[in-house]
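The structure appears right after this line, and notes come after that.
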Amino acid sequence: MSQLEKALRAGQFAVTAEVAPPKGADLAPALETARALRGKVHGLNVTDMQSACLKASSLGLCVALKQAGLEPILQMTGRDRNRMALAADLLTAASFGIDTVLALTGDHPAVGDCRDAKPVYDLDSVGILELLTELQAGRDCGGNPLTGVAPQYFGGASATPVYDPLPLQIAKVKRKVDAGARFIQTQAVFTAESLLPFLEGLDRAGINIPVLAGIIPLKSAGMAKFMNDHVPGIAVPQEQIDALAAEKSAGGSPAQLGIRMAAELAARLRAEKLCAGIHIMAIGGEKYIPGLLEQAGIDMQE
Amino acid sequence: MIITRKKEREALLAMLRGVRRAALVGCASCAAACQTGGEKELEETKAFLEDHGIQVLAAVLPEECCHKMLVKRDLKALRGLELDAVVCLACGDGVQTVADNVALPVYPANDTLFLGQVERVGIFHEYCRMCGDCVLGATGGICPVTRCAKGLVNGPCGGQKDGKCEVNPENDCAWILIYRRLERLGKLDSLLIPAGQRHEHAHPAHLNLREGAK
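Going down the list, the protein sequences come from chains A and B. So for the first sequence, the working numbering puts the first residue at 286; every next one is plus one. So for the second sequence, the working numbering puts the first residue at 927; every next one is plus one.
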């Protein structure tokens, strides 16, 4: 059982972060990034060609992390593999003791860096969760029996809290939970207030699932504006953009301010018990995560 | 309707290298509506080919170029002509139906794009992928398999921005359209009824409605 599953079962405030495989054949830098987070987070999501940009495989880096004694969370998208290839990778993951999986539909190749790639989408996020359930029952994607002990997984899904129409997003989360999702990691939120309508929507729909709120430490006003304009489901409030710009004008460090903002949000989410944990997407700034957690007063050893 | 688009004229000429005498076969149905294979396009293509040294000895316009019996009947007009090739101004189905009925090379003048709606003359939108497992009853008559870029049957991905698709911001997110339509119809209870992700991959497909057929 992964540390993430244990933490969520124990009702501990869970912390996950993210690491991307390289665009190349050397896993060492990603491993080093991951090692620096040992003991600081309950799990590390390994992205599956995020933004549809070609990288080494998520499964490969997950195996390397696992062998280094770390806690990988396998991200699996339906973009590049049909159900047979997904099932094969999931069985392989389980054989290495990797059981925690985030099921995603995946960004379309048209928005990535290999635009002629054929999109697969044989299964979407819901289909991958259903596949996990099938494998756990000892059956493959064709209903054929698996040999040996059936693998056990801890499957999760993503959600976009800032979404219009919100009831459609809630309905999608319900589909994912019905398909077997046992935790949710959300798209980044920047205020507790922007998360609340989503959480209330889940409550009203009777959906009871641990939610890890996505947190992106902002590095600059420019980054925040860019994300607002281009990244779906992202809404950085104007006050935060202004504060980052002012910090820069005053000769300070907007990146440090961004970390303080993220830490304040994390601390508030925990103090007010708004959600089960946080998922930090540092986008290259992973080395700042321990400091962020310290500022937020979050220690997973507690 | 099957939506077709004329091939680049250079590409057509490149295919016809060495051809001196040809016949043209159009289609009075879809290709005519797509302005790729009706009366007018047959005339235009004849003039174009003759400008490039290819003699056009006949032009035939079957009612439906995908209909084997009709095509067989209309192609009788080519009998006795000294032809090097036939140029077909229909969809891919029409081209093959013609090729099944003549002992000559048949070249496509069009590219076949999709099964679409005619919004008005000359404006077409892809509406059906012919997936063989229709979900329209639960989706307010809007097809997610076709009109979602990822063909998602279990609800939207996280990629929409202001209701527009991540793949092409000119397209509306099909699932938001579905949600709004069901809301308007008072049918939100049918939103996201679990749908299988079944795929009919065994091509070519056949259908036989004759008595006694399996």
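Virtual Cβ for every residue (Gly too), placed ideally from N, Cα, C.
- Taking the C-beta atoms as reference points, A520 (chain A) is found nearer than 7 angstroms to V447 (chain A).
- Using a CB distance cut-off of 7 angstroms, K1113 (chain B) does not count as an interface residue toward chain A.
- Within the same chain, M927, I928, I929, E1052, Y1053, C1054, R1055 and M1056 come within 8 angstroms of L1041 (chain B) by CB-CB distance, once the 5 residues on both sides are set aside.
- Its Cα nearest to that of E936 (chain B), the residue B:N1036 stands out among B:W1101, B:D1026 and B:N1036.
- Annotation: Q352 (chain A) is outside any beta strand (DSSP E); the continuous alpha helix (DSSP H) that includes it extends over S343 to Q352.
- Taking CB atoms only, K1076 (chain B) has a neighbour in chain A less than 7 angstroms away.
- For G1042 (chain B), the secondary structure class from DSSP, reduced to helix, strand or coil, is strand.
- Residue pairing for C560 (chain A): DSSP places it in no beta bridge.
- In terms of Cα proximity to A302 (chain A), the closest of A:K510, A:A567, A:G576 and A:S479 is A:A567.
- Beta-carbon to beta-carbon, L344 (chain A) and D311 (chain A) are separated by about 17 angstroms, too far to satisfy the 8 angstroms threshold.
- When Cβ-Cβ separations below 7 angstroms define contact, V1013 (chain B) makes no contact with chain A.
- By DSSP's assignment, A442 (chain A) forms a beta bridge with A:A388 and A:I469.
- For chain B, the residues of the stretch 440-456 of chain A that bring a beta carbon within less than 7 angstroms of one of its beta carbons are S443, T445, P450, L453 and A456, in chain order.
- For H393 (chain A), the residues of chain B that pass the 9 angstroms Cβ criterion are A1075, K1076, C1083, G1085, C1091, E1092 and V1093, in the order they occur in the chain.
- Spatial neighbours of T962 (chain B) in its own chain (CB-CB distance under 7 angstroms, excluding positions within 5 residues in sequence) are listed in chain order as T930, R931, K932, L1015 and N1036.
- Residues of the stretch 466-497 of chain A that bring their beta carbon within less than 9 angstroms of a beta carbon in chain B comprise Q472, in sequence order.
- Fewer than three beta-carbon pairs drawn from the stretch 1021-1031 of chain B and the stretch 1070-1079 of chain B are found closer than 8 angstroms, and the two stretches are therefore not classed as touching.
- The shortest CA-to-CA distance from L1133 (chain B) to any of B:G1058, B:M941 and B:L1078 is the one to B:G1058.
- The beta carbon of L1108 (chain B) sits no closer than 7 angstroms to any beta carbon of chain A.
- Our two residues, I544 (chain A) and G569 (chain A), have alpha carbons roughly 13 angstroms apart in a direct line.
- Counting only Cβ-Cβ distances below 9 angstroms, N1097 (chain B) has no contacts in chain A at all, with the closest Cβ about 11 angstroms away.
- Look at P517 (chain A): its C-beta is under 7 angstroms from a C-beta on chain B.
- Taking 8 angstroms as the upper bound on Cβ-Cβ separation, chain B lies near residues A395, V396, P404, Y406, D407, L408, D409, S410, V411 and G412 of the stretch 394-412 of chain A.
- Out of B:A1064, B:V1012, B:K1090 and B:L1108, the CA that lies nearest to the CA of L950 (chain B) is found in B:V1012.
- Assigned with DSSP and collapsed to three states, D1098 (chain B) falls in strand.
- L289 (chain A) and G328 (chain A) do touch by the CB rule: their CB atoms are close to 4 angstroms apart, below 8 angstroms.
- Residue-level contact check: L1039 (chain B) does not touch chain A, since none of the beta carbons of chain A fall below 7 angstroms from its beta carbon.
- Exclusion of the five residues before and after K972 (chain B) leaves L950, V982 and A985 as the residues of its chain whose Cβ lies within less than 7 angstroms of its Cβ.
- When A:L350, A:C399, A:G491 and A:A388 are compared, the shortest CA-CA separation from K308 (chain A) is found for A:C399.
- The beta-carbon of L1118 (chain B) is placed less than 7 angstroms from the nearest beta-carbon of chain A.
- Between the C-alpha atoms of E970 (chain B) and G964 (chain B) there is a straight-line separation of about 10 angstroms.
- Shown in chain order are the members of the stretch 361-393 of chain A whose Cβ falls below 7 angstroms from a Cβ of chain B: T390, D392 and H393.
- With fewer than three CB-CB distances shorter than 8 angstroms, the stretch 344-354 of chain A does not count as touching the stretch 389-405 of chain A.
- Less than 7 angstroms separates the beta-carbon of A388 (chain A) from that of L414 (chain A).
- Looking from the CA of S443 (chain A), the closest CA among A:T476, A:G465, A:P450 and A:E557 belongs to A:G465.
- Put simply, the backbone Cα of K340 (chain A) is about 35 angstroms away from that of A295 (chain A).
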